[in-house]
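What follows is a short report on a single structure.
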Amino acid sequence: MLDFELDNCFEFELMEVINCWGGNEHHRLFTYWLLSLQQSFPDEILDLDRSVRTLDLTHNKIVDIPVEISKLVNLQRLVLAHNLIDRLPINLAKLESLKVMTLDANRVTSLPDELGQLVRLEQLSISGNSLQYLPETIGSLRNLKLLNVSNNKLKSLPESIGSCFSLEELQADDNSIEDLPESVCNLVHLKALCLNNNNVKQIPTNLLKDCKALQNISLHGNPISMDQFQQMEGFQEFEARRKKKFDKQIDSNVMISSKGLDEGVDH
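Using the UniProt record's numbering, the letters of the sequence shown map in sequence onto residues 1 to 267.
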């Protein structure tokens, strides 16, 4: 039986909680749980309930997220990339403290409507899955800053995405998206919009004019022309912001692409 006290560990992330146990043996045991986990969560993690702030079980063979995950009420970061997960439990919505959820490279085909209850969520990355649509309730994620749904099977984005008012970066490369909802123009904090390798023929007329924070659009591999793009209202202002960002990168000695200033659209 483990003899330790968690009272002084509540402010630390999961690995730091383990260090509070005060022994290398306990640390090795938990590392074993992380590295040798097969298809399910170890009960020992779930039993830590309120003390867990970060849970990272990347590169395992997890198939299901247990309903008991709702016990981790103070969980802020959930990283389950590169597993075999095909669905999310409804009671995932009970993780009211969750700010970051990473589910890249799994087998998820849909997201539950209850996702919209994760109102503190700031980053949602679920690239490399089999999503065919996003729930309308995603619009309830008013604190969401990053949404990555690249490499799925999406044909459209929901109109409600325009209610994600804090969104700064939207990554949706490598899907089958044909058009964008007009509501995208409501995303006044949006800085980057990535839609490479889709079927986008046109983008909302007012996108460049209304999204005044936008600095980067990437539409390579779409049937949209540079002429269409340049004729949009607000294009000149967008170009000025883009070049200003590029110049800052040069001044700061930030490594940039050998192609230089990417125009974002194929000629």
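Glycine residues also receive a C-beta, built at the ideal position from the N, C-alpha and C atoms.
Next on the checklist: Does the contact criterion of 3 or more C-beta pairs under 8 Å hold for the stretch 120-133 versus the stretch 142-162?
Outcome noted: yes
Next on the checklist: Less than 7 Å between C-beta atoms, sequence neighbours within five positions excluded: which residues of the same chain meet that for P204?
Outcome noted: L180, E182, V184, C185
Checklist entry - Looking at C-alpha atoms only, which residue of L98, D56, S166, N151 is the closest neighbour of I177? => result N151
Checklist entry - Cα separation between G264 and H220? => result 6 Å
Checklist entry - In whole angstroms, what is the alpha-carbon distance linking N74 and S97? => result 5 Å
Next on the checklist: Classify M226: buried if its beta carbon has 16 or more other beta carbons within 10 angstroms, exposed otherwise.
Outcome noted: exposed
Checklist entry - Out of curiosity, what's the CA-to-CA distance linking Q132 and E159? => result 15 Å
Next on the checklist: Taking the straight line between their C-alpha atoms, what separation do you get for I45 and E168?
Outcome noted: 33 Å
Checklist entry - With distances taken from CA atoms, which of K94, N129, V188 is nearest T109? => result N129
Item to check | Status (buried if at least 16 other CB within 10 Å, exposed otherwise) for V200 | outcome: buried
Next on the checklist: If you reduce the DSSP assignment to three classes, tell me which class Q236 lands in.
Outcome noted: helix
Next on the checklist: Just to confirm the assignment, what range does the beta strand (DSSP E) spanning L124 have?
Outcome noted: 123-125
Next on the checklist: To test your reading of the DSSP string, which unbroken beta strand (DSSP E) runs of 3 or more residues are found completely within the stretch 166-243?
Outcome noted: 169-171, 192-194, 216-218
Next on the checklist: Going by DSSP in three states, D113 sits in which element: helix, strand or coil?
Outcome noted: helix
Checklist entry - Candidates V63, M101, K94, P89: which alpha carbon is nearest L55's? => result M101
Item to check | Complete runs of the beta strand (DSSP E) confined to the stretch 36-82 [at least 3 residues] | outcome: 54-56, 77-79
Next on the checklist: Restricting to Cα atoms, I'd like to know which of K155, L147, H82 is closest to G162.
Outcome noted: L147
Checklist entry - Just to confirm, are L190 and C211 a CB contact at a threshold of 7 Å? => result yes
Checklist entry - Leaving out five residues before and five after S70 in sequence, what residues of the same chain have Cβ atoms less than 6 Å from its Cβ? => result N91, K94
Next on the checklist: Let's see if you can read the secondary structure: which residues bound the beta strand (DSSP E) around T102?
Outcome noted: 100-102
Next on the checklist: Please classify Q231 as buried or exposed, where buried requires at least 16 other C-beta atoms within 10 Å of its C-beta.
Outcome noted: exposed
Checklist entry - Tell me the DSSP bridge mates of N148? => result S125, Q171
Checklist entry - Mind checking Q39: buried by the 16 CB within 10 Å criterion, or exposed? => result exposed
Next on the checklist: Classify Q171: buried if its beta carbon has 16 or more other beta carbons within 10 angstroms, exposed otherwise.
Outcome noted: buried
Checklist entry - In angstroms, rounded to a whole number, what distance separates the CA positions of D104 and L208? => result 30 Å
Checklist entry - How would you call F235, buried or exposed, if buried means at least 16 neighbouring beta carbons within 10 angstroms? => result exposed
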